[in-house]
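Undergrad: When we follow the UniProt record's numbering, the leftmost residue of the sequence shown carries the number 1, and every step to the right adds one. Don't be surprised by glycine CBs; every beta carbon is placed ideally from N, CA and C.
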Amino acid sequence: MAFREMTVYQIYPKSFQDSDGDGFGDLRGIIQRLPYLEELGVTMIWLSPVYPSPQNDNGYDVSDYRAIDPRFGTMADFEDLVQEADRRGMGVMMDMVFNHTSTDHEWFQKALAGDATYQDYYILRQAKADGSLPTNWQSKFGGPAWEPFGDSGLYYLHLYDVSQADLDWHNPAVRKECQAICNFWLDKGVRGFRFDVLNVIGKDPVLVDGPGDGGSQEKALYTDTPRVHDWVRQLNQASFGQRTDTVTVGEMSSTSVAEGVKYTNPDRDELNMIFNFHHLKVDYPEGEKWALADFDFLSLKKILDDWQRGMSDGGGWNALFLSNHDQPRQLSRFGDPENYPYESATMLAQTIHLMRGTPYIFQGEELGMTNANFQAIEDYQDVETHNAYRSLLEAGKSQAEALAIVQEKSRDNARTPMQWEAGGQAGFTTGTPWLAVNDNADQVNAQSALSQRIFAYYQDLIQLRQHDPVISQGDYEGLFLDHPQVMAYRRRYKDQEVLVLSNFYAAPVSLDLTATDFQPDADKIMGNGPLDKLSDQVNLAPYETVAFRYQKKN
């Protein structure tokens, strides 16, 4: 199946299913749950990293790219997973972390031991003449982006955690290593790659100071540089581009529509699609993640519309999502899980799934899973969360204020164990889970009536994309962009149109459609509420979403 008809399901393996009672999800657990994913109807499963790792950043600190971490199982388990998934009509997408390695990686350890070949694999610099750090860059996880390189007098760059040393892609040997790693997994039967923070690999040979605040001006020094496109194209041509059935997606930090088009226009031989995150910063007051604010609905609409139109106009392709392993749960963030769990969960799903692009489901969103709401900072495991909590306290926040922010913003909100059933650690493990199960698991789980209704709605959305070219291939047009409550758009393919209307709030709303050139004989194809016919004036119930199809008349 082509990537435009696909829906991809992201698995966070640590939290999906534990098969051996050690509290840590594993590959045999994923195999156990393949019938569930087959029933859902997805055609690609993306695994967050399962490589050996000290787990300082939950596996995104890779210490061996060609092995399976024993906590997840064996290479034989992985091969079984690929085979069993393929038998059920699903491909496996691996997560490639090529901006940095763990400092435990053999390459880094050899570099530390003085091997000049491997020292050239990393970005090592001397201090400035005054003894200060090579640049004033800030790590995205807080603090300086430089750390002493053993006792050599040099420093190594780490844009992320101190245990994640940035690779030097200017070195052709590094690029060849990454190409060979992709081919290793392709030979194992992998059919997709998700590339972690790929657009920051292109640092300049000479690094210079920025504002020192980790902001947009500083990020521009190492983000989306022209050489990134050259290197991605090389990666394509030396590995996955040689196989027509491979699906690729790049995680692009702080990118632009113009760059997104370059990465994904098929004429450029780079990637199939990209993730961008601008729409998930609409609840960052003045750009600050670790602060509380309602999401800005008009900004959300504008950003999504800009990317839909811009990528379409340039021949690019979006990855569509509101949730992943690094984001709070979409239902808690943009919906109302207390009063309208079914309505807001299905509204958010339909709004995203019927856009132009390939939708991604993060495990549990199809059940209506919510934020963790842990009551103590000790319950959180995420390194970024603990760094932010300390920074909030240092900035003068009380413990209660800092915890309230963490409860809304922590990446661990997405990482609580999958909720399969009521009781007994939600069916995730027979042991003690590595991260506590959400306390609403008895109400929200794969066997509950509420979750099954949401699940069924996701099934229908997935099937609609697979069989309806208006959804998988059609153009996009945004409507009512200034409306304070409704997100609306139209998809068009040949003479067929689909109109999508979504009420993002609990208040009912009336909408005047006279200017939309709709057809009164339109057929309702999807909806979670009572509206079943189009007219000049339509009424949407709280969190109602609806899609109508009609033939465009000349």
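Kindly identify the DSSP beta-bridge partner or partners of PHE195.
TA: Position 195 of the sequence shown, counting from 1, holds the residue named residue 195. PHE195 is bridged to MET96 and GLY250.
Undergrad: What does DSSP give as the partner residue(s) for GLN551 in the beta ladder?
TA: Numbered from its first residue, the sequence shown carries residue 551 at position 551. In the DSSP output, where bridge partners are listed per residue, GLN551 has GLN496.
Undergrad: What would DSSP say about ILE11, mapped onto helix, strand or coil?
TA: Position 11 of the sequence shown, counted from the first residue, corresponds to residue 11. In this structure, ILE11 counts as strand in the three-state DSSP scheme.
Undergrad: Put GLU270 into one of helix, strand or coil per three-state DSSP.
TA: Residue 270 sits at position 270 when you count from the first residue of the sequence shown. GLU270 falls in the coil class under three-state DSSP.
Undergrad: So the candidates are HIS353, LEU393 and HIS325; which of them puts its Cα closest to the Cα of GLY364?
TA: Position 364 of the sequence shown, counting from 1, holds the residue named residue 364. For the residues HIS353, LEU393 and HIS325, the minimum Cα distance to GLY364 belongs to HIS325.
Undergrad: By Cβ distance below 6 Å, which residues in the same chain neighbour HIS353 in space, the five residues on each side in sequence not counted?
TA: Translated into the one-based positions of the sequence shown, residue 353 becomes position 353. The residues are PRO359 and LEU461.
Undergrad: Does the beta-carbon of SER216 have 16 or more other beta-carbons within 10 angstroms, so that it is buried, or is it exposed?
TA: On the sequence shown, residue 216 is found 216 positions in, with the first residue counted as 1. Exposed, because fewer than 16 other Cβ atoms sit within 10 Å of the Cβ of SER216.
Undergrad: Kindly identify the DSSP beta-bridge partner or partners of ARG390.
TA: In the sequence shown, counting from the first residue as 1, residue 390 sits at position 390. For ARG390, which the question treats as bridged, DSSP gives no partner whatsoever.
Undergrad: Alpha carbon to alpha carbon, how far is HIS170 from LEU287? Give it in angstroms, no decimals.
TA: Along the sequence shown, one-based indexing puts residue 287 at 287. Along the sequence shown, one-based indexing puts residue 170 at 170. Correcting the residue type first, residue 287 is Gly in the shown sequence and not Leu. Taking the straight line from one Cα to the other gives about 32 Å.
Undergrad: In the DSSP output, which residue or residues are listed as bridge partners for GLU477?
TA: Counting from one through the sequence shown, the residue named residue 477 turns up at place 477. Beta-bridge pairing links GLU477 to ARG490.
Undergrad: Go through its chain and collect everything with a Cβ distance to ASP213's Cβ below 8 Å, but skip five positions before and after it.
TA: For the purposes of this step, residue 213 is taken as the residue at position 213 of the sequence shown. Cβ within range, chain order: GLN138.
Undergrad: Could you pull the start and end residues of the alpha helix (DSSP H) that PHE108 belongs to?
TA: On the sequence shown, residue 108 is found 108 positions in, with the first residue counted as 1. Note, PHE108: alpha helix (DSSP H), 106-112.
Undergrad: Can you list, in chain order, the residues of its chain with a C-beta nearer than 6 Å to that of LYS494? Leave out the 5 residues immediately preceding and following it.
TA: Start at 1 with the first residue of the sequence shown, and residue 494 comes out as number 494. So no residue of the chain qualifies.
Undergrad: May I ask you to verify whether the region 82-97 touches the region 30-39, counting CB pairs closer than 8 Å and requiring at least 3?
TA: yes
Undergrad: What does the Cβ neighbour count give for LEU292, buried or exposed, with the cut at 16 atoms within 10 Å?
TA: Position 292 of the sequence shown, counting from 1, holds the residue named residue 292. Classification for LEU292: exposed.
Undergrad: Here's the rule: buried if 16 or more other CB atoms are within 10 angstroms of the residue's CB, otherwise exposed. What is ASP267?
TA: Looking up residue 267 in the sequence shown gives position 267. Flag for ASP267 reads exposed.
Undergrad: With a 10 Å radius around its C-beta and 16 neighbouring C-beta atoms as the bar for buried, classify GLY357 as buried or exposed.
TA: Indexing the sequence shown from 1 puts residue 357 at position 357. Taking all protein chains shown into account, GLY357 has 16 or more neighbouring C-beta atoms within 10 Å of its C-beta and is therefore buried.
Undergrad: Please tell me whether ALA456 and TRP420 are closer than 8 Å, where the distance is taken between their beta carbons.
TA: Here residue 456 refers to the residue found at position 456 when the sequence shown is read from its first residue. Here residue 420 refers to the residue found at position 420 when the sequence shown is read from its first residue. The answer is no: Cβ separation not under 8 Å.
Undergrad: Which residues bound the beta strand (DSSP E) around residue 593?
TA: There is simply no residue 593 to check, as the chain begins at 1 and stops at 554 in what is shown.
Undergrad: Quick one: what does DSSP say ALA165 is sitting in, helix, strand or coil?
TA: Locating residue 165 in the sequence shown gives position 165, counting from the first residue. The answer is strand: DSSP assigns ALA165 an E or B state.
Undergrad: Using beta-carbon positions only, say whether VAL500 and ALA547 come within less than 8 Å of one another.
TA: One-based indexing of the sequence shown puts residue 500 at position 500. One-based indexing of the sequence shown puts residue 547 at position 547. Yes, Cβ-Cβ distance for VAL500 and ALA547 is below 8 Å.
Undergrad: Here's a check: name, in chain order, each residue in its chain whose Cβ is nearer than 8 Å to the Cβ of GLN463, leaving out the five neighbours to either side.
TA: Counting from one through the sequence shown, the residue named residue 463 turns up at place 463. Same-chain partners within the cutoff: GLY41.
Undergrad: What span of residues does the alpha helix (DSSP H) with THR358 cover, start to end?
TA: For the purposes of this step, residue 358 is identified with residue 358 of the sequence shown, where counting begins at 1. From DSSP, THR358 is part of no alpha helix (DSSP H) but of the beta strand (DSSP E) over 358-362.
Undergrad: Can the beta-carbon of TRP185 be found less than 8 Å from the beta-carbon of MET94?
TA: Residue 185 sits at position 185 when you count from the first residue of the sequence shown. Residue 94 sits at position 94 when you count from the first residue of the sequence shown. Cβ atoms of TRP185 and MET94: closer than 8 Å.
Undergrad: Give the DSSP-derived three-state secondary structure of residue 557 in the structure shown.
TA: Outside the displayed span of the chain (1 to 554) sits residue 557, for which this structure offers no information.
Undergrad: Taking one C-beta from the region 339-349 and one from the region 305-313 each time, how about it: are there three or more such pairs within less than 8 Å?
TA: no
Undergrad: Indicate the three-state DSSP secondary structure (helix, strand or coil) for LEU501 in the structure shown.
TA: Here residue 501 corresponds to residue number 501 of the sequence shown, with the count starting at 1. Residue state, collapsed to three classes: strand.
Undergrad: From GLN485, HIS229, PRO148 and ARG492, pick the residue whose C-alpha is nearest to that of ALA506; which is it?
TA: On the sequence shown, position 506 is the one that residue 506 refers to. Taking only the C-alpha atoms, the option nearest ALA506 is GLN485.
Undergrad: Residue range of the alpha helix (DSSP H) that MET311 falls in?
TA: Residue numbering aside, residue 311 sits at position 311 when the sequence shown is read from its first letter. Element bounds for MET311: 297-313.
Undergrad: By the 10 Å Cβ neighbour count, where 16 or more other Cβ atoms means buried, how is ARG66 classified, buried or exposed?
TA: Within the sequence shown, the letter at position 66 stands for residue 66. Flag for ARG66 reads exposed.
Undergrad: Measuring CB to CB, does VAL247 end up less than 8 Å from MET6?
TA: For the purposes of this step, residue 247 is identified with residue 247 of the sequence shown, where counting begins at 1. For the purposes of this step, residue 6 is identified with residue 6 of the sequence shown, where counting begins at 1. Closer than 8 Å, so yes.
Undergrad: Checking the sheet assignment: what are the DSSP bridge partners for TRP146?
TA: Taking the sequence shown and counting its residues from 1, the one referred to as residue 146 is at position 146. The partner list for TRP146 (beta bridge, DSSP) reads LEU157.
Undergrad: If you follow the beta strand (DSSP E) that LYS524 is in, where does it begin and where does it stop?
TA: Residue numbering aside, residue 524 sits at position 524 when the sequence shown is read from its first letter. First-last of the beta strand (DSSP E) with LYS524: 523-527.
Undergrad: Skipping 5 residues on each side, what residues in its chain have a beta carbon closer than 7 Å to that of TRP107?
TA: Numbered from its first residue, the sequence shown carries residue 107 at position 107. Around TRP107: THR101, TYR118 and TYR121.
Undergrad: Compute the distance between the beta-carbons of ARG492 and ASP523, then report whether it is under 8 Å.
TA: The residue given as residue 492 occupies position 492 in the sequence shown. The residue given as residue 523 occupies position 523 in the sequence shown. Taking 8 Å as the Cβ cut-off, ARG492 and ASP523 do not qualify as a contacting pair.
Undergrad: My output table needs one value for GLN407: the three-state DSSP class, helix, strand or coil.
TA: For this step, residue 407 is matched to residue 407 along the sequence shown. In this structure, GLN407 counts as helix in the three-state DSSP scheme.
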